[in-house]
Every structure is written in structure tokens, then in C-alpha cells.
Amino acid sequence: MAKNGLAARLYRGEADLNIVGRRNLWFGVAGVLVLIAVLSFAISGFKLGIEFAGGNTFQVPASVGTLDRAEQTVDEVLADEAPGVEVVSAQKVGSTSGEFYEMRTGQLSAEQANAAKAAMAEEFGIQADQISGSQVSEAWGSQVTSRAFLGLLIFIAVVSIYLVLRFEWRMAVAAITSLLTNLVLTAGIYSLVGFEVTPSTIIGFLTILGFALYDVVVVFDKVQENTRGITANNNVTYGEASNLALNQSLMRSLNTSVVALLPVGGLLFIGAGLLGAGTLKDLGLVLFVGMAVAFLTSIVLATPLLVLLKNMDPRISAHNKRVLSRRAALARGEITPKGASRAAPAADADEPIDPEAAALAGAAPKVGARPAGKRPSGARGGRPAGGGGNRPGGKRR
1 MAKNGLAARL YRGEADLNIV GRRNLWFGVA GVLVLIAVLS FAISGFKLGI EFAGGNTFQV
61 PASVGTLDRA EQTVDEVLAD EAPGVEVVSA QKVGSTSGEF YEMRTGQLSA EQANAAKAAM
121 AEEFGIQADQ ISGSQVSEAW GSQVTSRAFL GLLIFIAVVS IYLVLRFEWR MAVAAITSLL
181 TNLVLTAGIY SLVGFEVTPS TIIGFLTILG FALYDVVVVF DKVQENTRGI TANNNVTYGE
241 ASNLALNQSL MRSLNTSVVA LLPVGGLLFI GAGLLGAGTL KDLGLVLFVG MAVAFLTSIV
301 LATPLLVLLK NMDPRISAHN KRVLSRRAAL ARGEITPKGA SRAAPAADAD EPIDPEAAAL
361 AGAAPKVGAR PAGKRPSGAR GGRPAGGGGN RPGGKRR
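Residue numbers (the UniProt record's numbering): 1 to 397.
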């Protein structure tokens with residue numbers, strides 16, 4: 001790794017990425033993405049699982065053939081027994097009794113479900129008792145949703161109190177805004193791509209809140225360290241100190257996110273993708289998407305928003321103006337930086353130098369120095385030896 005490469009400078013916190021200075025760009029991008037997500041909610045909505053929309057589930061032994069063939073057969077049966085109802089999702093699941101294909105369909109009556117089950121058994125050439133079925137009411141999904149929203153409100157309230165006590169209210173506002181943006185963007189990806197929303201998805205949404213909060217707190221802790229007592233000097237603005245804190249903690253946040261995404265990616269791509277553990281797909285998907293979005297929002301949104309709020313504080317605003325005024329004066333040469341000595345005026349190179357004047361200038365004493373010359377002799381700088389005052393020297397009679 002090159003000593004001056006980007007990776008090396010990131011590890012040393014010397015990359016000097018101007019993240020805070022470009023906050024208007026990040027706010028604009030975040031605003032556009034949130035608008036797209038909201039429009040997707042209104043136009044496309046969400047693909048709800050049967051736990052939320054209601055429906056039926058049929059489990060067919062995997063020995064009947066491939067998953068695609070089994071799904072096609074069930075669709076044909078439903079077209080005959082319950083016109084208008086079709087397979088919503090199909091996945092391979094495993095249990096102690098073997099592997100099954102789980103088919104989720106729209107809402108069926110009890111008579112339609114029994115007729116479809118008998119027709120499936122006939123098409124697959126198996127016994128009817130080898131196919132299991134169940135029905136889920138949408139009321140259960142509504143109950144799960146209401147409890148999830150209640151949990152979200154409690155989480156936000158507790159986190160807000162903690163951040164106000166640990167930092168300040170502006171940091172609490174910036175952190176909560178970042179968390180909500182993370183939720184909206186993750187939900188927008190679900191809506192745009194058409195991922196199915198299940199109870200596992202709701203659990204994943206609540207889980208990524210804790211990860212996103214951790215990232216924000218790590219960055220804010222460094223910001224607080226860099227900006228403590230910042231108004232006592234006129235060398236750096238609040239935004240510059242916060243941007244330095246971002247650069248110093250950026251590699252730590254990146255490493256944390258990568259380490260967290262690796263097992264989640266294994267759960268999603270290996271467990272659900274290669275091994276066919278379909279029950280892990282919903283949870284792994286929301287965790288992977290949410291953690292990736294949380295890393296981005298904690299870096300490019302939370303701290304720039306904090307700086308925007310802090311710059312509205314009259315004390316910080318006045319400090320920033322002093323720093324900028326001092327820099328302008330330095331640029332004009334009106335003041336000298338602390339620790340730098342003013343250079344003496346240079347003599348004109350064309351003017352002859354008077355040797356006598358130069359000698360006198362060199363012999364001039366410094367201010368406060370003792371006069372030059374020989375020190376008077378005597379034990380006390382010229383006083384007579386052997387006695388003090390006006391007493392004559394010699395033995396007293």
C-alpha cells in the first residue's frame with residue numbers, strides 16, 4: 001500500500017475529503033431519493049406477504065419435481081378451482097421431515113382450498129395428506145404492523161432522550177433525521193424492486209435502526225471531541241472541525257460496515273441463494289440493504305445536518321465570522337500569525353552603508369541592560385572593605 005495513497009490516508013485520517021463543505025449536494029441527493037421513495041409508495045405500494053394481505057399456504061414435497069414445474073402446476077389448478085387467485089410466491093423450505101415447496105396464494109374459501117388440495121394431489125401423483133395447507137387472516141398482519149410502529153416510536157423516544165443527555169438536542173435532531181431517512185430509503189428500495197414484505201422484514205427494519213444509531217454516535221463522539229472549546233481560538237470553524245472528525249472516523253465506520261455486511265451477505269447469498277433456505281431471505285435482504293444505506297446516511301447526512309443546525313447558533317455563527325475575518329486579514333498582510341516575527345525593513349541595496357553608524361547601531365545596548373564598563377572594585381561594588389556605613393575600617397577601641 002502506497003504511503004500517500006487514498007487508502008493509507010484514510011487509515012491515518014488524512015484524506016481531507018470535503019464532506020461537510022458539500023452538504024448542499026448531499027441534501028439535494030437525499031431529497032431526490034426520498035421523493036422517489038415516497039412516489040413509489042404512492043404509485044406502486046408494497047408487495048405484501050400473506051401475513052399482511054391474507055391468503056393460503058400449501059406445502060408440496062420437493063420430490064414432485066422442480067420448483068418452477070410445481071409452481072406452474074399449482075397455478076393451473078387454481079385457475080380451474082378458484083379463478084382469479086394465483087400463486088403469489090414460491091420457495092423451497094426444509095424441515096426435519098424433508099424438503100418442501102411452499103406456495104403462497106391469494107385468499108381462498110375453505111371449499112376452494114380443499115378442492116385445490118385434492119386437485120394438486122392428483123396432478124402430482126401423490127396422496128392428499130402429503131400436501132399441507134394453512135390460512136392466514138390479514139388481521140394478524142395488521143396487528144403486527146401496529147405493534148411494529150409502536151416499537152419504532154418507543155425506540156425513537158428513548159434514543160432522543162439518550163442523545164440529548166449524552167450530546168445535545170441538535171445532535172439528537174440530526175441523528176433521528178438520519179435514522180428516518182434510512183428507513184424511508186430502505187422501504188423505497190423494497191417498493192421499487194418489488195421485494196415481498198413479511199414479518200421478518202419488519203424485524204429487520206427495527207434491527208437496522210440500532211446499527212445506524214451506532215454509526216452516528218461514533219461520528220458524533222469524535223465531532224464533540226474536536227469541537228470542544230472551539231470558540232476559544234480563531235483558527236478553525238465548526239464545520240471544518242466536524243469535517244476533520246468525519247475524516248478521522250471514516251475508516252472506522254467503513255470497517256464496521258464491511259464486517260457487519262459480510263455475515264449478512266453470507267446469510268442472504270449463500271444461505272438463501274445457494275442453499276435454498278428461503279426463510280432467511282426476507283431477514284437477510286432487509287439487513288443487507290438497510291446496513292448499506294445506514295453507512296451512507298450516517299456519513300453524508302447526519303454530520304452535515306448537524307453543522308447546518310450548529311451554524312444557526314449565534315455563538316457558533318459569531319465564531320465562524322471571526323475565523324473568516326482573521327483569515328482575510330492574514331491574506332491581506334494586516335496581521336502576523338502567532339509565533340511569527342515581523343521582519344526588519346530591508347536596507348536599500350543602492351544606498352551606501354555608513355561604517356560609523358553601523359558600529360554605533362551594533363554597540364547600542366538592549367533595553368533594560370546594565371551599562372557597559374568595568375565594575376567598581378571592592379567587596380560590595382565600590383564600598384570600602386571591612387565595614388558598613390561610615391564606620392572607619394580597623395579595630396575598635
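For glycine and all other residues, C-beta sits at the position ideal for the given N, C-alpha and C. Just so it is clear, the structure is predicted and the values come from calculations on it, not from any experiment.
Remark: C-beta atoms of residue 256 and residue 245 do not approach each other more closely than 9 Å.
Between the C-alpha atoms of residue 292 and residue 205 there is a straight-line separation of about 13 Å. In the structure shown, the three-state DSSP call for residue 82 is coil. Burial state of residue 18 is exposed, judged by a 10 Å Cβ sphere holding fewer than 16 other Cβ atoms. The way I'd put it, the stretch 127-144 does touch the stretch 40-51; three or more beta-carbon pairs between them come closer than 8 Å.
Judged by their CB atoms, residue 253 and residue 299 are nearer to each other than the 9 Å cut-off. By the C-beta criterion, the stretch 32-45 is judged not to be in contact with the stretch 111-129, since fewer than 3 inter-stretch pairs fall below 8 Å.
In the three-state scheme derived from DSSP, where H, G and I count as helix and E and B as strand, residue 167 is classed as coil.
With the rule of 3 Cβ pairs closer than 8 Å, the stretch 190-200 does not count as touching the stretch 213-222. Beta-carbon to beta-carbon, residue 213 and residue 165 are separated by about 14 Å, too far to satisfy the 8 Å threshold. Taking the CA atoms as reference points, residue 185 sits about 25 Å from residue 270. With fewer than three CB-CB distances shorter than 8 Å, the stretch 157-177 does not count as touching the stretch 77-84.
With the rule of 3 Cβ pairs closer than 8 Å, the stretch 29-43 does not count as touching the stretch 324-331. 9 Å or more divides the Cβ of residue 32 from the Cβ of residue 303.
89 is the residue among 111, 89, 93 whose C-alpha sits nearest the C-alpha of residue 105. Comparing C-alpha distances from residue 296 to each of 311, 319, 258 shows the shortest one belongs to 258. Residue 190 places its beta carbon 9 Å or farther from that of residue 64. With contacts defined as CB atoms closer than 9 Å, residue 57 and residue 103 qualify as a contacting pair. Separation of residue 240 and residue 224 (C-alpha to C-alpha, rounded to the nearest whole angstrom) is 13 Å.
CA-CA distance, residue 222 to residue 305, rounds to 16 Å. Look at residue 59 here: in three-state DSSP terms it is strand.
Annotation for residue 67: 90, 91, 92, 101 place their beta carbon closer than 8 Å to its own, counting only its chain and skipping 5 residues before and after. Rounded to the nearest whole angstrom, the C-alpha separation of residue 110 and residue 173 is 51 Å. Taken through DSSP and simplified to helix, strand or coil, residue 65 comes out as coil.
234 is the residue among 264, 234, 263 whose C-alpha sits nearest the C-alpha of residue 330. When DSSP states are grouped into helix, strand and coil, residue 104 belongs to the strand group. Taking 9 Å as the cut-off, the Cβ atoms of residue 308 and residue 23 count as close. When rounded, the separation of the alpha-carbon atoms in residue 199 and residue 250 is 33 Å. Annotation: residue 247 to residue 16 spans about 6 Å, alpha carbon to alpha carbon. Your pair residue 176 and residue 156 checks out as a contact, with CB atoms roughly 6 Å apart and the cut at 8 Å. Sixteen is the threshold: since fewer than 16 other Cβ atoms of the shown chains lie within 10 Å of the Cβ of residue 154, the residue is exposed.
Within the same chain, 288 come within 7 Å of residue 265 by CB-CB distance, once the 5 residues on both sides are set aside.
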